[in-house]
Amino acid sequence: MPRRLSAALTTGAAPVVAALIVALLGAREANAAGEAPAGANFDIWYYATDDNGERDRLFSADDLAGFVNRARCECNQTISTRIQLQRAMASYDPTIRVQTFVGSRCDIGQVGNNAQVKPCVRILSEAPIAYTKAINFEFSPLWLVAGVDPQGDKDLGNATPTGTCDAGQGDAGIWICIENGAQPDCQSDEFQVMGTQNENSSADAMTAQGIRYDFDPPQTLPDNFSINAGDSAVQIEWDQISTGDVSGFRVLCADADGAPLPGQGIDAPSLIGINRGTTYFIARDLCPDGPFNGEDEPIDTGDDSTTGDGGSTGDFDTSGGGSSSGDVSSSDDATATGSDSGTGTGTGTGTGTGTGTGTGTGTGTGVGTTGTALPTDGIESLGYAYVCSGHISGTSQEARVSGLDNGVEYQFLIVAYDLAGNPVAASGVLTGTPRETIDLWEQCEIDGDICGSGGFCNCTSEPDRDARGWFVAMGLVGMIARRRRRR
Amino acid sequence: MSAWLVLAWLAEPVVSATDEPDGVAQPEATGDAQPDPSADVPAAPEAAAPVPPPRPAPTKLVPKPLPTEQAIARDSTVPPTKKAKRSFGRARPGTKQRFAAEFKIGPFLPEVDSRYSGDGFGPYATIFGRTNSMGVTTKKPKLGVMPVIAFEWQIVYLGGPLGIGTQIGFFRDRADALLAEPMGTENIRSSADKTTFGMVPLALLAVYRFELVADFYKVPLVPYVKAGLAYSFWWIKDGTKKVAVNEQGEKGRGGVVGWQLNPGVALRLDFIERNAAKKLDQATGINHTYVFGEFQLSRLRNFGVGNAIDLGDKTFLAGLAIEF
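So the sequences go chain by chain: A and B.
If you read the first sequence in our numbering, its first letter stands for residue 1, the second for the next number, and so on.
If you read the second sequence in our numbering, its first letter stands for residue 1001, the second for the next number, and so on.
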């Protein structure tokens, strides 16, 4: 014992020293308990995955805005995520539970008393130390829009989603709740990471953004489609829409029997390519063999009902009311309606039963969800084999399809899609027959070669008298000018 | 002492009565004032009593004779300029004038159908003519508009600049193509297919502008004439916006040569504000500005050689021009 301390103890300062020792020991115990992490200490990254669910590339800001669409959800193209808690100078309190969720408005859903907002699926519930090592997991895009049954299991793998890939749009992401221990389980005010925090957008975005999901195709569509015959081509025109989220159009072509045209069509867009709103995605071509990892993901089950509303006809006019000339006519009996024979949305059970009758008369007067399931064949299936145009701007009012045979009838259909690539048949099935036309060059030939021959030089023949006189005159002018300059 | 006074009087600056109302040169109060020359005169030993300042002598400005040209040439570092050749007795005012540029525009319609002798309208009018509701041609085509830019080098002044010039224009016409086999009462045209005719006429011209009167007698009119060779590129496009091809596989594009004549009159705008025109000349070198109108006669059919399209026309053009 130091001499001064012993002296103090032997003197009347003993009670003061004892109090100091007790205070120091208490402080040491408090330090051993550690501190609670803050939301800003979590780094979150999102990645796109391939058809095997393997992490492929980091999400860009464009991906955050338009990667997740209905087809990817139906194909169960998972989103790989990495979460890491930054290490602190002092250790984190091991008694604190940190829970991670995926979804939107998890703070409200966690309370469980809001019928509109379901609790989010829980990914992990661990002490902070577990988060200091990188945590990697994947989740289905469905969890961005769908919560879990408040009465059921909340953990990923056991939870049952309450939503489907049929509809919905909004922003979602990772939510992290850091419990303070005052009350059991997470409370809404304990969420410190609220969906928008990630490292994907921080580099090139001014404002934080979560993952934008959009399962709804464009709702406001152009109308008054008309089709005009040209020489080995047709031109389709429509009235421009003033509002809506149409990013672009593509024209689909088929022969009179509804079969794709040879030499037309495009490949299905890349699973991991960056979507810039120039194409559309359909699950049947994106994952022709069914949802990826469907058997491993519990979220794939239970959404047979997604095919049940085949009777929905969309709120677009499929009647093809545009003026047509000659034998080119838009089909008034175009259907372009959702049918009840959808292929299911990742359920693994094939066709769903649904509740709709799926008669689809094709008048196009319905409202609400536009065709939740596409026909499996024909031009209305919107298959990529039918695509016969490039991306057409969402503000365009016409499209031209060339390379057709004159006198042959074809089917055409205009597909509109939004930034996320959700397609909808904007027009009904239009029919048109290209026809031979006559331009000036051909009319000149008909009228006796009035326009002469083409080519840039016709100087092989001898000049006529008129030309000779002209050249003589020009020569005289040149000589006069030369003589004048010599003076 | 009188010698000192004389020296002081001689050293006194000559001051006019208007500069010094009192007739007495007062020293400047500021520090920048020039010292009084009289201060340099040493004071006389007997200068104890104040001496009245001498009255300035009346001065008389004697004009100096102008230096001779030889003297100027001898002392100047600038080499003497040669006398400009005087045409028609006097030199033209302003800076040297070498070029002219024009922009003009006017109605135009190529005479493609000039060789057509059949019934009804020729091929150009059949396609581009005015139509009825069924698309059938009922009248000749409306005149199109052809913009032209021109440039010329003025080589010699013979009562006005004589030089060579070049010009380039552009003309295009567009219409719905005809259906090859219209049926019944339908419109005979396809709104899906537009056929286009275009041409770019070029010309190399001898140009003479009679500017003598405008230069020396302030009459602001300059008649002129241009004549020379012309060549025009042309093309026809079909509904796919590609160069049309006929049944023989021949492409509808080419060039045709000919001649053209452009007599006209230009109004020199300098008279509106002559000083401004002079300043413009001094500042930018633009000697004159004009508005003008001209008649253009062009014969573009390969001088009648072979089977060539006729792209000539008789028309009027109007525009703006500058000489610089």
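From the three backbone atoms N, C-alpha and C, an ideal C-beta is built for every residue, glycine too.
{"Query": "The region 148-165 of chain A: positions lying closer than 8 Å to chain B by Cβ", "Result": "none"}
{"Query": "Under 9 Å from the C-beta of B:SER1232: neighbouring residues of chain A", "Result": "The contacting residues do not exist; B:SER1232 stays about 11 Å from chain A at best."}
{"Query": "Contact belief for B:ALA1177 with B:GLY1239 at Cβ below 8 Å, rounded distance in angstroms", "Result": "5 Å"}
{"Query": "Inter-residue Cα distance where the pair is B:LEU1300 and B:ILE1155", "Result": "27 Å"}
{"Query": "Buried or exposed (CB count within 10 angstroms, at least 16 for buried), A:GLN219", "Result": "buried"}
{"Query": "Any non-hydrogen atom of the ligand NAP closer than 7 Å to A:THR395 Cβ", "Result": "For the ligand NAP, the structure offers nothing, since it holds no ligand at all."}
{"Query": "Reduced DSSP secondary structure (H/G/I, E/B, other) of B:MET1146", "Result": "strand"}
{"Query": "Cβ pair A:TYR386, A:ALA254 closer than 8 Å", "Result": "yes"}
{"Query": "Helix, strand or coil at B:GLU1152 according to DSSP, with G and I counted as helix", "Result": "strand"}
{"Query": "Which of helix, strand or coil DSSP assigns to B:THR1315", "Result": "strand"}
{"Query": "Boundaries of the beta strand (DSSP E) in which B:ALA1101 is found, first to last residue", "Result": "1099-1108"}
{"Query": "Endpoints, alpha helix (DSSP H) assigned at A:ALA172", "Result": "From DSSP, A:ALA172 is part of no alpha helix (DSSP H) but of the beta strand (DSSP E) over 169-178."}
{"Query": "Helix, strand or coil at B:ASP1173 according to DSSP, with G and I counted as helix", "Result": "strand"}
{"Query": "Residues of the region 210-243 of chain A with Cβ closer than 8 Å to any Cβ of chain B, in chain order", "Result": "ASN228, ALA229, GLY230, ASP231, SER232, ALA233, VAL234, GLN235"}
{"Query": "Residues of its chain near B:SER1191, where Cβ-Cβ distance is below 8 Å and the 5 sequence neighbours each way are ignored", "Result": "ASP1176"}
{"Query": "Run of the beta strand (DSSP E) containing A:ASP239, from where it starts to where it stops", "Result": "233-239"}
{"Query": "Option in B:VAL1145, B:ASN1246, B:ASP1215, B:LEU1179 with minimal Cα separation from B:THR1315", "Result": "B:VAL1145"}
{"Query": "Residue environment, A:LYS133, which counts as buried when at least 16 other CB atoms sit within 10 Å", "Result": "exposed"}
{"Query": "8 Å Cβ cutoff met for A:ALA229 and A:ARG435", "Result": "yes"}
{"Query": "CB contact below 8 Å: A:GLU409 versus chain B", "Result": "no"}
{"Query": "Neighbourhood of B:PRO1182 by C-beta, 6 Å cutoff - its chain only, sequence neighbours within 5 removed", "Result": "ILE1188"}
{"Query": "Within-8 Å CB hit, A:CYS388 to chain B", "Result": "no"}
{"Query": "At least three beta-carbon pairs within less than 8 Å, the region 65-76 of chain A to the region 185-192 of chain A", "Result": "no"}
{"Query": "Separation of A:ALA426 from A:THR313, as counted between CA atoms", "Result": "Confidence in A:THR313 is poor, its pLDDT being 30 and thus under 50, which makes the residue's placement too unreliable to answer from."}
{"Query": "Residues that A:ARG483 contacts on chain B, provided the C-beta gap is smaller than 7 Å", "Result": "Under the 7 Å cutoff, chain B gives no residues; its nearest Cβ is about 12 Å from A:ARG483."}
{"Query": "Interface flag, A:SER325 vs chain B, CB-CB below 8 Å", "Result": "Reliability of the predicted coordinates at A:SER325 is poor, the pLDDT of 32 falling under 50, and no value is obtained from them."}
{"Query": "Sequence-distant residues of its chain with Cβ nearer than 8 Å to B:PHE1324 (five each side left out)", "Result": "GLN1097, ARG1098, PHE1099, ALA1100, ALA1101, THR1284, GLY1285, ILE1286, ASN1287"}
{"Query": "Straight-line Cα distance separating A:GLY407 from A:CYS106", "Result": "60 Å"}
{"Query": "Test item: CB-CB of A:GLN209 and A:LEU64 under 8 Å", "Result": "yes"}
{"Query": "Exposure label - B:VAL1062; buried when at least 16 CB within 10 Å", "Result": "exposed"}
{"Query": "Distance between beta carbons of B:ILE1236 and B:ALA976, contact taken as under 8 Å", "Result": "The displayed coordinates of chain B run from 1001 to 1324. Any statement about residue 976 of chain B would go beyond what the structure contains."}
{"Query": "Whole-angstrom distance between A:ASN293 and A:ALA38, CA atom to CA atom", "Result": "35 Å"}
{"Query": "B:THR1195 at chain A interface by Cβ criterion, 8 Å", "Result": "yes"}
{"Query": "Local conformation of B:SER1114 per DSSP, three classes", "Result": "helix"}
{"Query": "DSSP beta-bridge partners of B:VAL1245", "Result": "B:LYS1251"}
{"Query": "Environment of A:ALA182 [buried if 16+ CB atoms lie within 10 Å]", "Result": "exposed"}
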